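Below is one structure, written out as structure tokens, with a few remarks after it.
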Amino acid sequence: GAVVSQHPSWVICKSGTSVKIECRSLDFQATTMFWYRQFPKQSLMLMATSNEGSKATYEQGVEKDKFLINHASLTLSTLTVTSAHPEDSSFYICSARDPYIQYFGAGTRLSVL
Amino acid sequence: QQPVQSPQAVILREGEDAVINCSSSKALYSVHWYRQKHGEAPVFLMILLKGGEQKGHDKISASFNEKKQQSSLYLTASQLSYSGTYFCGTEVRRDDKIIFGKGTRLHILP
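Going line by line, the protein sequences match chains A and B.
Residue 1 is where the first sequence starts when you use this note's numbering, and the numbers rise one by one after that.
Residue 114 is where the second sequence starts when you use this note's numbering, and the numbers rise one by one after that.
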């Protein structure tokens, strides 16, 4: 199957700093990528849909100014968690569709101290 | 709207069969099934499209009742490697976002 690469896999940061997470489709082009957030033993909650060349579409309740998404090319989307706080600690996972199947990255575990 | 999965959890012995169900209150275009192991990303298992087309895994089967907006995932002769949390995701239109259920935890005992 197609490969989606996500970096970093784990990041620990101080409260108030910003963290950037990268999501790349390695062997296919993805006009649309998705960002999910997952708390322990819970479901995958869709945060936003990232569209190449246009603004992301955020789900209800997700703060656009806190979670900045940029889909700069057909193979790269980034999620920046701005001014991170301990409550932002979570497992963030990206995915890309090719073309029917949605493939997931390995996820990024964010811990904010 | 989030699909409803049942059961929430199931424990089996190796070699036994399991069925996981997924239902939606909305008309669906497709149903997607994934398995996630602890600390890892979800892995694609199966997609069922409106009209009966299926794409997926050789050792796992699934059904999609379009009239009832229900899907079931069938795991036969379960192996230890089948342990994990199974998520169904539903899509109401082609190329739309996928909304995932709360998951079904499957634990296989030797």
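Beta carbons are placed, not taken as given, at the ideal position from N, Cα and C, and that holds for glycine.
Source: prediction; values computed, not measured.
List the residues of chain A whose Cβ lies closer than 7 Å to the Cβ of residue i, in chain order.
i: HIS145 (chain B); result: GLN102
i: ALA154 (chain B); result: ILE93, PHE104, GLY105, ALA106 and GLY107
i: ILE212 (chain B); result: LEU46
In chain A, which residues lie with their C-beta within 8 Å of the C-beta of residue i?
i: ILE160 (chain B); result: TYR100 and ILE101
i: PHE177 (chain B); result: Under the 8 Å cutoff, chain A gives no residues; its nearest Cβ is about 14 Å from PHE177 (chain B).
Using a C-beta cutoff of 8 Å, does residue i count as contacting chain B?
i: ILE21 (chain A); result: no
i: GLY61 (chain A); result: no
i: GLY53 (chain A); result: no
i: GLY1 (chain A); result: yes
i: PHE34 (chain A); result: yes
Cβ of residue i less than 8 Å from any chain A Cβ?
i: ALA131 (chain B); result: no
i: GLY128 (chain B); result: no
i: ASN221 (chain B); result: Here residue 221 (chain B) turns out to be Ile, not Asn, going by the sequence shown. For ILE221 (chain B), the answer is no, since every Cβ of chain A falls outside 8 Å of its Cβ.
i: GLY216 (chain B); result: yes
How close, in whole Å, do the beta carbons of residue i and residue j come, if the pair is a contact with beta carbons under 8 Å?
i: ARG218 (chain B); j: TYR142 (chain B); result: Not really, about 27 Å apart at Cβ, beyond 8 Å.
i: SER174 (chain B); j: SER184 (chain B); result: Contact flag wrong, Cβ pair sits at about 11 Å.
i: LEU222 (chain B); j: GLU127 (chain B); result: 7 Å
i: TYR100 (chain A); j: ALA2 (chain A); result: Contact doesn't hold; Cβ gap of about 11 Å is too wide.
i: SER136 (chain B); j: GLN182 (chain B); result: 6 Å
What does residue i reach in chain A if we use C-beta pairs closer than 9 Å?
i: PHE200 (chain B); result: SER43 and LEU44
At 8 Å on the CB atoms, spell out the chain B contacts of residue i, in chain order.
i: MET49 (chain A); result: Just to set this straight, residue 49 (chain A) is Thr in the shown sequence, not Met. By Cβ distance, chain B contributes LYS210.
Secondary structure, beta strand (DSSP E): runs of 3+ residues fully inside the segment 175-203 of chain B: Whole beta strand (DSSP E) segments, 3+ residues: 183-188.
Between the segment 194-213 of chain B and the segment 36-48 of chain A, do at least 3 Cβ pairs fall closer than 8 Å? Note that the segment 194-213 of chain B touches the segment 36-48 of chain A; at least 3 beta-carbon pairs, one per stretch, sit closer than 8 Å.
Okay, do the segment 189-207 of chain B and the segment 146-156 of chain B touch, 3+ Cβ pairs below 8 Å being the bar? Contact holds: three or more Cβ-Cβ distances are below 8 Å.
List, from N- to C-terminal side, the beta strand (DSSP E) runs of 3 residues or more that fit wholly inside the segment 76-111 of chain A. List check, beta strand (DSSP E) in window: 76-81, 90-98 and 101-104.
Cβ contact (3+ pairs, closer than 8 Å) linking the segment 49-62 of chain A and the segment 30-41 of chain A: In the pairwise beta carbon analysis, the segment 49-62 of chain A is classified as touching the segment 30-41 of chain A: at least three pairs are separated by under 8 Å.
Can at least three beta-carbon pairs, one atom from the segment 9-28 of chain A and one from the segment 85-101 of chain A, be found at a separation below 8 Å? Yes, the segment 9-28 of chain A is in contact with the segment 85-101 of chain A.
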